[in-house]
Amino acid sequence: MFLKNQWYVAAWAHEIGRAPLGRRIAGEPIVFYRTEKGQPVAFEDRCPHRLAPLSLGTVIGDNLRCGYHGASYGPDGTCTHVPGNPPPKGARVRRYPLVEKWGWTWIWLGVPERSDEALLPDFHWQSEPGWAPVGGTLHFEAHYQLLIDNLLDLSHEAFLHANTIGNAAVADVPAQTTSEGNHVRVTRLMQDCAPPPLFVKARGFTSNIDRLQDLLFTPPCYITITVRATPAGTNDLSQALQWQVLNALTPETDTTTHYFWGLPRQFLIEDREMDAMLEAAITRTFIEDQAMLEAQQVVTQERSLDERSLLTLADAGPTRARGVIARLMREENAEVRQ
Amino acid sequence: MFLKNQWYVAAWAHEIGRAPLGRRIAGEPIVFYRTEKGQPVAFEDRCPHRLAPLSLGTVIGDNLRCGYHGASYGPDGTCTHVPGNPPPKGARVRRYPLVEKWGWTWIWLGVPERSDEALLPDFHWQSEPGWAPVGGTLHFEAHYQLLIDNLLDLSHEAFLHANTIGNAAVADVPAQTTSEGNHVRVTRLMQDCAPPPLFVKARGFTSNIDRLQDLLFTPPCYITITVRATPAGTNDLSQALQWQVLNALTPETDTTTHYFWGLPRQFLIEDREMDAMLEAAITRTFIEDQAMLEAQQVVTQERSLDERSLLTLADAGPTRARGVIARLMREENAEVRQ
Amino acid sequence: MFLKNQWYVAAWAHEIGRAPLGRRIAGEPIVFYRTEKGQPVAFEDRCPHRLAPLSLGTVIGDNLRCGYHGASYGPDGTCTHVPGNPPPKGARVRRYPLVEKWGWTWIWLGVPERSDEALLPDFHWQSEPGWAPVGGTLHFEAHYQLLIDNLLDLSHEAFLHANTIGNAAVADVPAQTTSEGNHVRVTRLMQDCAPPPLFVKARGFTSNIDRLQDLLFTPPCYITITVRATPAGTNDLSQALQWQVLNALTPETDTTTHYFWGLPRQFLIEDREMDAMLEAAITRTFIEDQAMLEAQQVVTQERSLDERSLLTLADAGPTRARGVIARLMREENAEVRQ
């Protein structure tokens, strides 16, 4: 079960074009395409005639035509034509609200009337002047909440990512965890610590640094991480490594996740070689997570996470986020039953 | 569940030889072989000794010997020898009635006493003088009734097979659907229409044609299609494209189908290049169906076809055929309970 | 379900080293490693922190450190360190008793206090002077009891292994089956019979032989086979082929088995080419079993072995062994409930 009255990142905007794109979001098969004027459209990926996937169809003008028997649907989901039949009255395919913002296409799976753009989480850095964005997509064979757990306890960087973003401090220095409504914030300030290999490579640190991680969880599946590192004791922003790690962890099924990530940075923003280096290094880092989380997923299909018997201080963030999701799920289910 | 008191096409006759052939038919694992005199034999593909598949065994004379511990079975299913044991009394493997006709080997899965050859559906064109047959086999990851639905609503040719047998008329011109006992007939006469690409290639039409499709469904899984095309308004059979599309859609499991097809034609019957061209074109056409039906199968494992909300005039044929199968199934189940 | 208060072969001793080895034994995921002094250690392969597999971790000194968040465990399973946390009190991972003997590492899955080394089955030939051992491991997609059935009815050699160790006599000559406590013994003496191809290749027999097979089943999954062949009527041990076929059939899951085998012989024990020839021939032979048993496994997932209707004299051994296992299972379950 997934929260439905929420915005989910469905795709990078550039992935959606004139050829239909089929993708499962939070358990629901969806087909995406773009009208002649460039408006993105999302339908249930099942033709109401014989349930064939509309993603095997063809976009004709602004309409999507089923590839099986040719039933056509306008951008609002109305069936506009069925070959060999009188004009269809009232037939339609379910349409989903979409918004395009910050380079991503967001979908609303719940009650359409509540699809308020103001409810989008904040990812403004991705299209902000003064920030150089890189990003990518990964597909994890793991439940999306395992990805949230992973990102809200960054102590794992010391072990899993020792070759890129990990240093000892991230495991040894305690973090502060606070809640703000549905948000969970985890902050860790590591003073006078050794710089991780990727920080050295990106910013040329030659001695210890002060390192800040400021994480914000926004339900159902968003984590933004404000990262800042400066030479120890200097607080010299001109030499700083400053970036945002932006994570949209869209559930695909109960056991798989679309992982959309961005890494806008505030230094050397014209440097395309830096873009390429960082994209490769972050991809490598997240593939390290992927191996661990997919193995963890296999274990949790056999044993419940409730059976774990060792709790740590750093569990505070993941535990609170799970609490928020559980509460929102109860609220949504209660609403449905009313 | 499948109808059992029915003939199913199990194989092309030439597929069954002296080496055992294992194949699942309507959920039941079967092993086929041929005696020294060429009589085809079908057994349950499980040795009654330790349930090893007999299809891993060896044919010795007229007997099939299990490849595991050497128990041997005569063509009537009687166990004739068990190494190191006294002559077996009464041991046997289940044998199934077979008939060979029109190039196919047919199996009867139900009560053997009712396996009347007169109940075979009519596929005489396949071995009739004056007809040149081509044919083949495909394996679909789709329920056999999706294949029946597909063939009884040929309006899909306009969209799925636009490069071979599709033209616009097949979707635009309504068909007549009638029932005759357990048979369903769907007839579509398309006058003065553009010839489909394969018709042009096969018969050289240079202008519009009159095109006839006359479909006959026979339960549990047979559809014969009489096809005739002549230059528009001429009814000139000397220039006609005339063939039968013969379809035997043998269920393998609940989600897979053996698709045996034949295409005997009445023109250029000595032309072996025409054979090769048609075999390739029809195979390509049916592989287009395969992609669509396998996608549809995936959807229908999640949602029932009963949820479809757009019904078309061309659904009449598929709907009636489903009704016939449902009724025969109820009758067969009622009999079993008596 | 599997017997737990039993020793199972988990690995060849040389497989366990300083890098963690993950392997499932009788349904339980286990991680193995070796301390600095070479002591083997086995833990449940789930970190109690977040259930990540410890087999993805690192051995540091004598401890195993989880690869996810760095929790460390000493050889007795005690959690020794959690980064960023006070010393853990009482946290631990489940540890399993191990014994190393005769080249194998044995694991006890049940009540640790009962892991008596005296309960090991006898495989002394594997490290006995005067015996030349070869051996290997195979992975079967079949329930371990199908492997027991296979080995306790060697009449199958006549059909499945005709190119290596099979001759007609093994199927035609009856065996004697006796029980001794939890053991089952099957003895077959074949006098004046043709030598199997591998016997000729290994020992150069030029005429008929007297062949002995003396099988001993020890629960839960051990079969040792004493094999002796001498020129017919001579009983001349100087020309004898004498070897032990040692089989440890460790269940992995309900449908898969780790098959550890050894073949110590008493002839030409300095001959390394003989080692290589025999290892290849026995591997080939067991792969013939694998194909048959994996096919049989597929059938038995659909039909119970209880449905078999042809019983043979040679079934006595497999039937008694199944009886022993069923009784031990009932006893173990009864104990658990007390």
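Residue numbers (the working numbering), protein chains in the order written: chain W, 157 to 494; chain R, 157 to 494; chain P, 157 to 494. Just so it is clear, CB atoms sit at the ideal spot from N, CA and C, and this is done for glycine as well. This structure is a prediction, so every number in the text was calculated from the model and none was measured.
Proximity test, Cβ basis, 8 Å: P:N219 and chain W: Against chain W, the CB of P:N219 has no partner CB under 8 Å away; the residue lies outside that interface.
4 or more residues per run - each alpha helix (DSSP H) lying fully within the segment 273-325 of chain W: 300-308, 313-316, all fully within the segment 273-325 of chain W.
Interface residues of chain P facing R:Y224 [CB-CB closer than 8 Å]: The answer, in chain order, is H312, F315, L316, M448, Q452.
Contacting positions in the segment 190-216 of chain W - beta carbon closer than 9 Å to chain R: So the close ones are D201, R202, C203, P204, H205, R206, L207, A208, P209, S211, L212, G213, T214.
Cβ shell of R:A385 (< 6 Å), same chain only, five flanking positions each side left out: Contacts found: F355, I365, R367, L397.
Residue from W:T382, W:A327, W:E184, W:R483 whose Cα sits closest to the Cα of W:L469: Residue W:A327 is the option with its Cα nearest to W:L469.
Residues of the segment 453-473 of chain P whose Cβ lies closer than 7 Å to any Cβ of chain R, in chain order: Identification of residues in the segment 453-473 of chain P having a C-beta nearer than 7 Å to some C-beta of chain R yields V455, T456, R459, L461, R464, S465, L466, T468, L469, A470, given in sequence order.
Limits of the unbroken beta strand (DSSP E) element including W:Q398: Start and end: 397-409.
Chain P residues whose Cβ lies nearer than 9 Å to that of W:V165: Neighbours of W:V165 on chain P: none; closest Cβ ~25 Å, over 9 Å.
Closer than 7 Å: P:A298 CB and nearest the ligand SAH heavy atom: In the structure shown, the ligand SAH is absent, as is every other ligand, since no ligand is present at all.
W:V290: contacting residues in chain P (beta-carbon distance under 9 Å): Within 9 Å of the CB of W:V290, no CB atom of chain P is found; the nearest one sits about 26 Å away.
Reduced DSSP secondary structure (H/G/I, E/B, other) of P:T390: In the three-state reduction of the DSSP assignment, P:T390 falls in the coil class, being assigned neither a helical nor a strand state.
Residue-chain proximity (P:A247, chain W), Cβ-Cβ < 8 Å: It does; some Cβ of chain W falls within 8 Å.
Nearest to R:G230 (by Cα), restricted to the options R:A247, R:N241, R:G240, R:Y224: Across the set R:A247, R:N241, R:G240, R:Y224, the C-alpha of R:A247 shows the shortest separation from the C-alpha of R:G230.
Paired residues, beta bridge with P:L543 - DSSP: Since the first and last residues shown for chain P are 157 and 494, residue 543 of chain P lies out of range.
Cross-strand partners of W:S181 (DSSP beta bridge): Per the sequence shown, residue 181 of chain W should be read as Ile rather than Ser. The beta-bridge partner set that DSSP reports for W:I181 consists of W:E184.
Cβ contact (3+ pairs, closer than 8 Å) linking the segment 285-303 of chain P and the segment 414-425 of chain P: The answer is yes - the segment 414-425 of chain P touches the segment 285-303 of chain P, with three or more Cβ pairs under 8 Å.
Among R:A314, R:A358, R:C349, R:Q369, the one whose alpha carbon lies nearest that of R:R341: Its Cα nearest to that of R:R341, the residue R:Q369 stands out among R:A314, R:A358, R:C349, R:Q369.
Supposed contact pair R:M485 and R:L159 - C-beta distance, whole angstroms, cut 8 Å: Rounded to whole angstroms, the Cβ separation of R:L159 and R:M485 is 6 Å, and the two are in contact under 8 Å.
P:Q489 classed as buried or exposed, judged by whether at least 16 other C-beta atoms fall within 10 angstroms: Inspection of the sequence shows that residue 489 of chain P is occupied by Asn rather than by Gln. Within 10 angstroms of the beta-carbon of P:N489 lie fewer than 16 other beta-carbons, which makes it exposed.
Nearest-angstrom beta carbon gap, R:I304 and R:P185 [assumed within contact, 8 Å]: In fact, because the Cβ distance is near 24 Å, the residues do not count as touching under 8 Å.
Secondary structure of W:G418, DSSP reduced to three states: The DSSP-derived three-state label of W:G418 is strand.
Helix, strand or coil at R:T475 [DSSP, three-state]: Assigned with DSSP and collapsed to three states, R:T475 falls in helix.
Inter-residue Cα distance where the pair is R:A318 and R:L254: For R:A318 and R:L254, the gap between their C-alpha atoms comes out near 39 Å.
Cβ separation of W:C349 and W:A331, assumed to be a contact under 8 Å, to the nearest whole Å: Incorrect: roughly 14 Å between the Cβ atoms, too far for contact.
Cutoff 6 Å; reference W:E197; Cβ partners in own chain excluding five residues on either side: Looking at the sequence shown, residue 197 of chain W is not Glu but Val. These residues qualify, in order along the chain: Y189, P231.
Exposed unless 16 or more other CB atoms sit within 10 angstroms - verdict on P:Q446: Buried, because 16 or more other Cβ atoms sit within 10 Å of the Cβ of P:Q446.
C-beta atoms of R:W287 and R:I381 nearer than 8 Å: Against a cut-off of 8 Å, the Cβ pair of R:I381 and R:W287 comes out as no contact.
Reduced DSSP secondary structure (H/G/I, E/B, other) of R:R359: Here R:R359 sits in helix by DSSP.
Per-residue DSSP class, three states only, for R:Q162: In the three-state reduction of the DSSP assignment, R:Q162 falls in the coil class, being assigned neither a helical nor a strand state.
Of the residues R:N403, R:E444, R:E336, R:R344, the one placed nearest R:V290, counting alpha carbons only: With distances taken between Cα atoms, R:V290 lies closest to R:N403.
Residue span of the beta strand (DSSP E) that contains W:T214, given as start and end: Taken as a continuous stretch (DSSP letters only), the beta strand (DSSP E) holding W:T214 covers 214-216.
Endpoints, beta strand (DSSP E) assigned at W:R221: Counting along the chain, the beta strand (DSSP E) containing W:R221 begins and ends at 219-221.
Outcome for R:D462 when other beta-carbon atoms lying within 10 angstroms are tallied against a minimum of 16: Label assigned to R:D462: exposed.
Cutoff 8 Å; reference P:P176; Cβ partners in own chain excluding five residues on either side: The answer, listed in chain order, is V187, F188, Y189, L210, S211, L212, G213, T214, V215, L220.
Interface flag, W:C235 vs chain R, CB-CB below 8 Å: At least one chain R Cβ lies under 8 Å of W:C235.
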